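The structure appears below as structure tokens.
As structure tokens, this is what we get:
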């Protein structure tokens with residue numbers, strides 16, 4: 013909805029001004045696409061070897077900071093691609109209070125852009141991403157100011173939630189929590205990180221999370237990083253060479269990290285991808301596994317083998333430990349027998365490991381053990397796909413759907429010629445009240461020009477997806493409700509809380525028999541198109557209003573006047589319906605305000621078309637100081653659209 017606020021205020025003793033401040037209160041912001049970066053590091057032989065190495069370990073590490081760009085990118089890439097650890101960056105904010113050098117988006121809209129930029133970076137350095145609910149409000153001098161604006165408990169609750177979800181063995185804070193960090197929000201992140209390290213393990217801290225189904229989690233070690241400068245009171249106990257060259261990847265971890273760093277485009281952060289020795293220093297502050305003066309890894313002193321799952325989850329059930337030993341032996345065999353020229357030869361070994369992980373999960377009642385083994389099943393499934401060359405692709409005919417609309421979805425499965433796989437089932441997972449019906453293959457679109465568009469899959473399934481008329485518009489989950497000052501209201505976001513975005517609206521689930529193992533592969537349904545300059549691009553499908561009214565001005569300033577004062581406003585209307593759209597546009601205005609014309613006709617012939625309509629708003633004479641709202645509305649077929 014577009015909301016226009018007229019604020020009239022006095023300055024000094026004689027000057028009286030009125031300002032018409034046009035602000036956006038939760039305009040429609042569709043869910044953005046999955047990151048467009050498709051790095052070679054997670055594909056082919058390089059991706060498979062990394063996947064096989066990750067099978068050997070249960071290492072997990074979380075890095076904390078305050079903003080996008082605070083993270084030690086070299087450290088993340090080193091931990092994810094050298095140590096083969098599951099790696100995450102927890103940023104308190106989405107950077108929504110910063111500047112934008114690539115567009116006009118600010119505040120909430122900028123937060124969406126920077127969230128996507130972080131996901132681009134994580135795709136490269138190999139990490140995953142979490143957030144708390146607070147909004148970046150700009151520079152802050154002290155931690156006390158940040159605590160006053162945000163509230164310590166609110167931030168801490170989300171940090172604890174992220175830890176309980178991700179369950180890291182090691183937590184590394186970018187900042188020290190002292191004035192040496194500079195920015196007050198940096199200080200807040202550094203101050204709360206060690207508190208969250210302990211609070212996440214205490215079931216009496218934020219018990220509502222336990223009632224939701226999360227489990228207490230005690231990380232084993234806690235480190236402070238070196239921030240953005242040298243701190244004499246923060247001498248590192250371990251120094252990691254993030255500039256180490258990786259022969260498999262053909263680059264150093266630091267080079268990869270700087271490629272990821274350059275994805276922060278709205279912050280004008282393109283960087284050189286430097287070679288040679290680069291270091292990240294860390295100081296251990298807490299340890300539940302003892303200390304060492306000669307650490308070479310943040311996981312020193314922690315058993316991160318598959319067999320360690322029993323000890324890490326306090327599981328003494330029999331014969332659970334024996335099952336873990338068998339699973340560990342299978343994971344090692346897959347790596348030892350890997351031939352980069354014949355990767356398919358280890359598929360039977362990986363299939364055996366997948367089944368062993370599944371059996372081990374179902375052999376225990378321990379929820380923590382089950383969670384770790386479900387993760388292992390996902391890792392084995394990923395390795396199987398890479399080794400077998402199996403690809404599942406789920407595509408919609410359209411990017412946007414109106415409530416009450418429909419689209420076709422094709423789920424195609426590709427495999428190398430001669431593959432001995434069998435597709436057991438394919439289905440779509442959809443929101444409540446949506447409907448997905450299996451259909452015959454629709455007629456192929458006619459081929460024109462010199463650009464090939466035909467694909468020949470190993471197998472394919474087709475569906476008709478019907479969206480109910482009551483379906484809500486797609487919004488980033490933290491913007492679905494008005495924020496409370498500088499805190500987003502996501503109390504009703506459910507399992508999406510702390511994640512970059514909610515799960516995709518529609519996903520395809522294929523169950524494929526590979527070497528005797530029934531492997532489940534999930535893929536979000538996307539829209540694919542070819543940009544003439546950038547090539548193939550993909551977007552998530554969004555539920556959108558049929559019409560979107562927008563206004564050209566974000567700020568109008570009008571003096572208090574004894575006569576009426578007029579201003580021009582231009583309303584832009586965009587057609588998101590699948591065909592022709594026509595109707596009336598108008599502004600809802602305060603009493604006694606005059607809008608000329610009172611309403612205007614519009615006709616938009618095709619989906620994606622837009623038009624601009626000019627209105628004149630007249631503020632009555634002697635308008636009192638206060639706040640006034642204007643609302644742009646487009647009407648079609650008896651339905652009003654104001655988003």
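In the numbering used here, the protein residues as written are 13 to 655. Built from N, CA and C at the ideal position, the CB exists for glycine as well. This one's a predicted model, so the numbers in the text were calculated from it and none came from an experiment.
Tell me the residue span of the alpha helix (DSSP H) that contains residue i.
i	result
residue 167	164-178
residue 346	332-348
residue 360	359-374
residue 231	First-last for residue 231: undefined, no H or E at that position.
residue 535	Taken as a continuous stretch (DSSP letters only), residue 535 belongs to no alpha helix (DSSP H), being part of the beta strand (DSSP E) at 529-536.
residue 628	Looking at the DSSP string, residue 628 is not in any alpha helix (DSSP H); the run it does join, the beta strand (DSSP E), is 622-631.
residue 268	265-273
residue 85	85-93
residue 323	321-324
Using the Cβ count rule (16 or more neighbours within 10 Å means buried), how would you classify residue i?
i	result
residue 541	exposed
residue 155	buried
residue 453	exposed
residue 358	buried
residue 614	buried
residue 80	buried
residue 84	buried
residue 94	buried
residue 374	exposed
residue 21	Interpretation of residue 21 is limited by its pLDDT of 35, a score under 50 that renders its predicted location unreliable; no figure is taken from the coordinates.
residue 633	exposed
residue 35	Note on residue 35: pLDDT 34, under 50, position unreliable in the model; no value is reported.
residue 114	exposed
residue 631	buried
With DSSP run on the structure shown, which of helix, strand or coil describes residue i?
i	result
residue 406	strand
residue 217	coil
residue 486	coil
residue 586	strand
residue 10	Here the chain covers residues 13 to 655 and nothing more, so residue 10 does not appear.
residue 415	coil
residue 141	strand
residue 377	coil
residue 429	coil
residue 198	helix
residue 509	coil
residue 240	coil
residue 653	strand
residue 644	strand
residue 5	The requested residue 5 does not occur in the structure, where the chain is confined to residues 13 to 655.
residue 123	helix
residue 635	coil
So residue i and residue j are in contact, right, with Cβ under 8 Å, and what is the actual spacing, rounded?
i	j	result
residue 314	residue 181	6 Å
residue 185	residue 76	5 Å
residue 102	residue 137	With 8 Å as the limit, residue 102 and residue 137 do not qualify as a contact, their Cβ atoms being about 15 Å apart.
residue 400	residue 526	6 Å
residue 408	residue 539	5 Å
residue 619	residue 591	7 Å
residue 335	residue 368	7 Å
residue 255	residue 264	5 Å
residue 366	residue 529	5 Å
residue 183	residue 74	5 Å
Within the continuous beta strand (DSSP E) that includes residue i, where are the two ends?
i	result
residue 449	447-451
residue 148	Here residue 148 belongs to no beta strand (DSSP E), and DSSP marks it neither H nor E.
residue 594	593-600
residue 59	Run containing residue 59: none in the beta strand (DSSP E); it sits in the alpha helix (DSSP H), 56-67.
residue 476	471-478
residue 118	Run containing residue 118: none; DSSP gives neither H nor E here.
residue 614	612-616
- request: Count the C-beta pairs between the segment 502-512 and the segment 136-150 that are closer than 8 Å, then say yes if the count reaches three, no if not.
  value: yes
query: Counting pairs of beta carbons, one from the segment 94-110 and one from the segment 233-242, are three or more of them closer than 8 Å?
result: no
- prompt: Is the segment 472-484 close to the segment 435-455, with three or more CB pairs under 8 Å?
  reply: yes
query: Just checking, does the segment 514-526 make contact with the segment 413-425 on the three C-beta pairs under 8 Å criterion?
result: yes
query: Is the segment 577-586 touching the segment 617-631, taking contact as three or more C-beta pairs under 8 Å?
result: yes
query: How do the segment 201-212 and the segment 263-282 stand: do at least 3 beta-carbon pairs fall below 8 Å, yes or no?
result: no
message: Between the segment 48-64 and the segment 260-276, can you find at least three pairs of beta-carbon atoms closer than 8 Å?
response: yes
message: So, does the segment 63-70 touch the segment 331-349, judging by three or more C-beta pairs under 8 Å?
response: yes
message: Between the segment 160-174 and the segment 288-306, can you find at least three pairs of beta-carbon atoms closer than 8 Å?
response: no
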